[in-house]
Structures are given as structure tokens and as C-alpha cells.
Amino acid sequence: MTRLIFLGPPGAGKGTQAEVLANHWSIPHISTGEILRQAMKERSPLGVKAQSYVDRGELVPDQLVQDLVEERLNQPDTPSGWILDGFPRNVSQASFLDELLQKRVPDGVSVINLEVPDEVLISRLLGRGRKDDTEEVIRRRLEVYREQTAPLIDFYRERQQLKSVDGNQSLEKVTAEVQKLVDP
Ligand code: AMP
Numbered sequence: 001m002t003r004l005i006f007l008g009p010p011g012a013g014k015g016t017q018a019e020v021l022a023n024h025w026s027i028p029h030i031s032t033g034e035i036l037r038q039a040m041k042e043r044s045p046l047g048v049k050a051q052s053y054v055d056r057g058e059l060v061p062d063q064l065v066q067d068l069v070e071e072r073l074n075q076p077d078t079p080s081g082w083i084l085d086g087f088p089r090n091v092s093q094a095s096f097l098d099e100l101l102q103k104r105v106p107d108g109v110s111v112i113n114l115e116v117p118d119e120v121l122i123s124r125l126l127g128r129g130r131k132d133d134t135e136e137v138i139r140r141r142l143e144v145y146r147e148q149t150a151p152l153i154d155f156y157r158e159r160q161q162l163k164s165v166d167g168n169q170s171l172e173k174v175t176a177e178v179q180k181l182v183d184p
């Protein structure tokens, strides 16, 4: 059973790797960013609340994202495992997830940290063309990552859950390394 969290800055390849590996293991790929983008497209109440934060590159309030993660992890496709991509994004979300999982999964979760140099991130993000991939918003997303998300590296390292992978390699090579770390 595989339960995996992808950590790493925007543009590190979390979404791409999560998608490939979720297919490989036949488990759901849960991307909070993707769920929010879908909700914004549909203009659902969640989407309307999230929109201005996403457009500015800020984190959506914890409560909104935590509720959506809790609901998603309660779906019937999750007992076989899952990959979380884009959550948790700060220490309070990580503590929330801890509590949620203590209720339902006795054995741990692996955390994969994808490491990619800043110059590479920026050129990848600029090439992606998503609505929140303008230069100004990208700069803010990287700042938010450094201030709020990067502390999770130490959070998970101290708990011996963290495994780091060089994300500045071909897609296939990164996938192979993550696979080796997760099912050796
Ligand atoms: P992503 O697709 O993971 O890059 O997320 C795109 C945007 O969605 C982020 O810049 C945030 O505005 C929002 N978002 C996604 N996941 C979270 C989260 N766990 N907490 C707060 N905001 C999030």
C-alpha cells in the first residue's frame, strides 16, 4: 500500500510525477491545486472563495483546503493508497493531516522532496502557461513556498519520513528514483 506526499517548490514536477506514479500503482492522485482549479472553473462556492488567493499566488485559507482534503480522503477509492500533490503546504496543514491519518492509517506515509534549482523552476513555470504562471505571480508563489512550505522539509526530516530526489533530471529518471525509494 502506497501513501505518498510530494513536497517541493512550484515547477519541481510534483504534478507530473504524481500522475505517472498514481497510474503505475493504480491509486488516486490527489492534487489540491487541480481540485481548486476545477472548482474555480465551475464557479462552485469553494471555487469562488479560492479564486482571489490562487490568482495572487497566495495560499488559500487552511480551513478550505483541509475540508476538501478530508472529504477527498473519505472517498471509497482511497483505502488502497494515494498520492497527495500540493498538500500539505504549511505546518498547520501538516499537523491537520497527521491527526486525520492517525484516525485512519496506522502505518506511515512517505514524503518525497523534489529538489530543483530556482533558475530551472522559473523557466519551467514560464513555459507552462497556466493562468497563475505570470512572472509576478510565479515570484510570489516561490516566496510563499520558501516562507511557508519549505519548513515542512525539516518537519518531515525530523520524523524520518523524508526522502529527497534530484528533480532536475529527466522525467523518467525521477520516476525511477521515486519508485526505488518507495518500493525498494
Ligand atoms: P498547485 O497546482 O499545487 O501549484 O496550486 C495552485 C494554487 O492553488 C496555489 O498557488 C494556491 O493558491 C492553491 N493551493 C493549492 N494547494 C494548496 C494548499 N494545500 N493550501 C493552500 N493553497 C493551495
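Read in order, the letters of the sequence shown correspond to residues 1 to 184 in the working numbering. Yeah, the Cβ is synthetic: ideal placement off N, Cα and C, and Gly gets one too. It should be emphasised that the depicted structure is a prediction, and the values quoted were computed from it without experimental measurement.
Q | Proximity of K205 and I112 at Cβ, strictly below 7 Å | A | What is shown of the chain runs 1 to 184, which leaves residue 205 out entirely.
Q. Which residue or residues does DSSP assign as beta-bridge partners of W82?
A. R3
Q. Would you report the Cα separation of R43 and L59, rounded to the nearest angstrom?
A. Rounded to whole angstroms, R43 and L59 show a C-alpha spacing of 18 Å.
Q: State the Cα-Cα distance for the pair V178 and V165, rounded to the nearest angstrom.
A: 7 Å
Q) Do the region 83-91 and the region 49-65 meet, that is, are 3 or more Cβ pairs less than 8 Å apart? A) Of all C-beta pairs linking the region 83-91 to the region 49-65, three or more are shorter than 8 Å, placing the two stretches in contact.
Q) If you measure from the CB of F87, is any heavy atom of the ligand AMP nearer than 6 Å? A) Yes - the ligand AMP has a heavy atom lying nearer than 6 Å to the Cβ of F87.
Q.
Just list the residues that DSSP pairs V165 with in beta bridges.
A. Paired residues: L114.
Q. The alpha helix (DSSP H) with S52 in it runs from where to where?
A. P45 to R56
Q. When every heavy atom of the ligand AMP is checked, does at least one fall within less than 6 Å of the C-beta of P10?
A. yes
Q | Limits of the unbroken beta strand (DSSP E) element including S26 | A | Neither: S26 is in no beta strand (DSSP E) and is coded neither H nor E.
Q: Measuring alpha carbon to alpha carbon, tell me which of L121, P184 and R130 ends up nearest P242.
A: Nothing can be reported for residue 242, as the shown portion of the chain is limited to 1 through 184.
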